[in-house]
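Okay, so here's the structure we're looking at.
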Amino acid sequence: MPELPEVEITRRGLAPLVGQTVNEVIIRNSRMRWPIPAHLKNTLQHQQLKNLERRAKYILANFEAGTLLLHLGMSGRISLLDRNYPPEKHDHFDLVFDSGQVLRLRDPRRFGAVLWAGSRPESHELIVNLGPEPLSGAFDATYLHAQLASRNAAIKVAIMDSHLVVGVGNIYASESLFRARIHPQTPAKHLSVAECQRLVDAIKRTLLDALAAGGSSLRDFFGTDGNPGYFQQEYFVYGRTGELCKVCGTDITMIRLGQRSTFYCRQCQL
DNA sequence: AACGAGACCTGGCAGC
DNA sequence: TGCTGCCAGGTCTCGT
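The opening residue of the first sequence carries number 0 in numbering that gives the first Met the number 0; numbering runs sequentially from there.
Okay, structure coming up:
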């Protein structure tokens, strides 16, 4: 599930852990995208969680000793549970706190990551070259238009490039382009400033709407079964091949761009 | 610098 | 019921 809104909702849901102290680190399977560092067991022992931040799709857990990076990959999920709650097959990593609460990472496909970033996480190799946050002021039409000037690739592929802007995954790329009424295959460099403005606005609106929808289910997020129960987003185009466009009634088309499924309305998006 | 393809993994589902 | 093939929300790495 993890696109940027889901990661942000996860971060917010973990807020009760701030101020608590780590009692134990459990690594059941260290083989994630990169190995989970074994030294975390010592490094995080008795460390107090100072705060939780987010950069792109990384959750940054800040401790006195440094910052733990958490990434959910394609299939990751973090739950906040009682420490006695029995782990299941793909529960690879636990941070157990003195209160008896545990932050538990489950990730069947293991594309996610648990990494140590030391005291300067902004300089970490996975962080330092990332583009601006999509909801920040730095991501505006002027910036986007300048970035696209040298790119022939399809606009949908371009906005999913984390060096250009972070946090626009496969679902929200299609959704944002629909809202901006831009065909996903348009060569990026062909977008006018006005189109860039529509796209910037659409990306921000799409992500904010998803955040608001997810936020409404936050109460269910920490059920003892650990199921987030995300609000089922009502998509305009994603996954709706052959169904009717909610605006004009044309059937939704699917194509592949950059090896990813892409959905659009051939009437609304030119 | 930009682009496309391949890689990493497991689970779910359609079709036979 | 079981097998096979294909698909999946991410993103880094490598070759051109």
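No residue lacks a Cβ here, since even glycine has one placed at the ideal position from N, Cα and C.
Asked: What would DSSP say about L13, mapped onto helix, strand or coil?; Found: coil
Asked: Assuming the contact rule is C-beta atoms closer than 8 Å, M31 and A112 should be a hit. Round their C-beta distance to whole Å, please.; Found: 5 Å
Asked: Is P85 near the ligand ADP, with its Cβ less than 7 Å from a heavy atom?; Found: As far as ligands go, the structure on display features none, and thus does not contain the ligand ADP.
Asked: With H, G and I counted as helix, E and B as strand and the rest as coil, what does DSSP make of A209?; Found: helix
Asked: So, are the CB atoms of L69 and A55 less than 8 Å apart?; Found: no
Asked: Run through DSSP, which three-state label would N83 get?; Found: coil
Asked: Going by DSSP in three states, H301 sits in which element: helix, strand or coil?; Found: Residue 301 lies beyond the residue range present for the chain, which begins at 0 and ends at 269; the question has no answer from this structure.
Asked: Which of helix, strand or coil does DSSP assign to R53?; Found: strand
Asked: Tell me where the alpha helix (DSSP H) around R259 begins and ends.; Found: Taken as a continuous stretch (DSSP letters only), R259 belongs to no alpha helix (DSSP H), being part of the beta strand (DSSP E) at 259-263.
Asked: When you compare only the Cα positions, how much space is there between G179 and Q47?; Found: This sequence places Ala at residue 179; Gly is not what is there. A179 and Q47: Cα-Cα distance of roughly 44 Å.
Asked: Taking R255 as part of the alpha helix (DSSP H), name the residues at either end of that continuous run.; Found: Element bounds for R255: not the alpha helix (DSSP H) but the beta strand (DSSP E), 252-256.
Asked: According to the Cβ coordinates, are A153 and Q184 closer than 8 Å?; Found: yes
Asked: Determine the contact status of A148 and K188, defining contact as a CB-CB distance below 8 Å.; Found: yes
Asked: Mind checking which residues open and close the beta strand (DSSP E) that includes N22?; Found: 21-26
Asked: Look at T20 and D97 and say whether their C-beta atoms are less than 8 Å apart.; Found: yes
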